[in-house]
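Asks: Under numbering that gives the first Met the number 0, the first residue of the sequence shown is numbered 0, with each subsequent residue one higher. Note that the Cβ used here is the ideal one computed from N, Cα and C, for glycine as well. My structure is below; once you've seen it, I'll send some questions.
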Amino acid sequence: MASPAPPTTKPTAVANAGSTGTSGTSSPVIPSLRRRRLFFSHLFQYITVAYQYLCAMFNLTIRRRCIEQQQQSSPTKRTATAAAAAAAVATDRKATPATVSAALQYYKGKTLILDLDETLVHSVRLGSYAATRQQKVSASIKRKKIEVRDDKQSLLYEVYKRPHVDFFLKTISQWYKVVIFTASMAEYADPVIDWLDQDQSLVSQRYFRQSCVVRNGNFVKDISLAEPDLGKVCLVDNSSAAFELFQENGIPIPGWISNPNDQCLLDLLPLLDALRFTADVRSILRLRLMGVS
Numbered sequence: 000m001a002s003p004a005p006p007t008t009k010p011t012a013v014a015n016a017g018s019t020g021t022s023g024t025s026s027p028v029i030p031s032l033r034r035r036r037l038f039f040s041h042l043f044q045y046i047t048v049a050y051q052y053l054c055a056m057f058n059l060t061i062r063r064r065c066i067e068q069q070q071q072s073s074p075t076k077r078t079a080t081a082a083a084a085a086a087a088v089a090t091d092r093k094a095t096p097a098t099v100s101a102a103l104q105y106y107k108g109k110t111l112i113l114d115l116d117e118t119l120v121h122s123v124r125l126g127s128y129a130a131t132r133q134q135k136v137s138a139s140i141k142r143k144k145i146e147v148r149d150d151k152q153s154l155l156y157e158v159y160k161r162p163h164v165d166f167f168l169k170t171i172s173q174w175y176k177v178v179i180f181t182a183s184m185a186e187y188a189d190p191v192i193d194w195l196d197q198d199q200s201l202v203s204q205r206y207f208r209q210s211c212v213v214r215n216g217n218f219v220k221d222i223s224l225a226e227p228d229l230g231k232v233c234l235v236d237n238s239s240a241a242f243e244l245f246q247e248n249g250i251p252i253p254g255w256i257s258n259p260n261d262q263c264l265l266d267l268l269p270l271l272d273a274l275r276f277t278a279d280v281r282s283i284l285r286l287r288l289m290g291v292s
């Protein structure tokens with residue numbers, strides 16, 4: 000059995016660690032601007048979803064008017080058409096399983112794929128060089144020591160939960176099928192996910208390093224393994240390299256190391272709430288690629 004590798008170190012995490020470390024001394028104007036930007040970003044997302052809904056209703060109204068015009072222009076078929084229309088209305092009111100299924104297609108069956116390290120947790124191998132350079136983590140951050148063993152050695156990791164991760168997972172598990180896709184080895188990641196989902200009720204599937212595609216030295220995640228219909232799947236990851244194969248399905252999040260005041264997971268909830276009502280999540284997420292934030 001191969002010795003377990005430590006969790007993949009992501010370059011972006013270090014940069015973000017530096018930024019979070021100085022956030023406490025920045026001007027109070029910065030959080031205000033950030034909240035304002037988030038407000039308008041979320042407002043735009045909701046307006047986009049509402050626009051799609053109104054377009055669908057408008058198209059339905061046009062179709063009904065066309066049917067009415069056909070009835071008026073063809074007197075010989077008026078009786079039969081009226082009977083068919085009455086039957087259609089009766090069917091709509093009866094709410095058959097087929098109509099209910101069609102109505103639910105916009106917000107049922109979507110999959111949310113989450114990265115693990117620096118997205119949901121941060122970990123450091125005790126006794127390693129990285130551990131000696133680890134920033135002091137606030138006592139308010141939940142943590143756990145996890146031992147990873149194989150036939151040759153035993154490694155001990157200190158794993159820290161990102162602020163609000165428990166609330167985040169409980170909330171999104173009610174909206175999506177939740178999948179964790181990590182570039183770390185299963186020997187390390189499995190016990191970490193077990194800690195996050197102690198009742199085994201939040202995370203439906205797990206994918207590890209062996210499921211990644213290696214491109215230019217980066218681990219790229221093939222999200223079609225979890226959901227072949229790309230209109231129904233999103234990937235939240237702090238590494239932009241993870242989106243290489245599926246740019247229009249990516250939701251970037253700043254990496255987390257130790258900031259106890261981090262709220263990035265909470266900031267994602269309005270967007271994720273809106274996306275579950277769309278027919279195709281890419282219709283919203285591709286706006287990021289167009290420079291709309």
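1. Using the DSSP secondary-structure output, state which residues sit across from Arg35 in a beta bridge.
2. Would you tell me roughly how many angstroms separate the C-alpha atoms of Ser239 and Gln262, rounded to the nearest one?
3. So, helix, strand or coil for His163, using DSSP?
4. So if DSSP puts Arg275 in a beta bridge, which residue, or which two residues, is it bridged to?
5. Could you check whether Leu264 and His121 sit closer than 8 Å to each other, using their CB atoms as the reference points?
6. Three-state secondary structure (DSSP) at Gln197?
7. Helix or strand or just coil, what does DSSP make of Thr181?
8. Per DSSP, which one or two residues make a beta bridge with Ile140?
9. Following the continuous beta strand (DSSP E) through Leu113, name the residue where it begins and the one where it ends.
10. Beta carbon of Glu247, beta carbon of Arg281: below 8 Å?
11. How many angstroms separate the CA atom of Phe276 from the CA atom of Ile46?
12. Only counting the same chain, and skipping five residues up and downstream in sequence, which positions put a Cβ closer than 8 Å to that of Val212?
Replies: Judging by the given coordinates:
1. For Arg35, which the question treats as bridged, DSSP gives no partner whatsoever.
2. 20 Å
3. Three-state result, His163: coil.
4. Note: Arg275 sits in no beta bridge, so no partner.
5. no
6. coil
7. coil
8. BP columns for Ile140 are empty, so no partner.
9. Thr110 to Leu113
10. Judged by their CB atoms, Glu247 and Arg281 are nearer to each other than the 8 Å cut-off.
11. 12 Å
12. The beta carbon of Val212 lies closer than 8 Å to those of Phe218, Val219, Lys220, Asp221 and Leu244 in the same chain, with the five residues before and after it left out.
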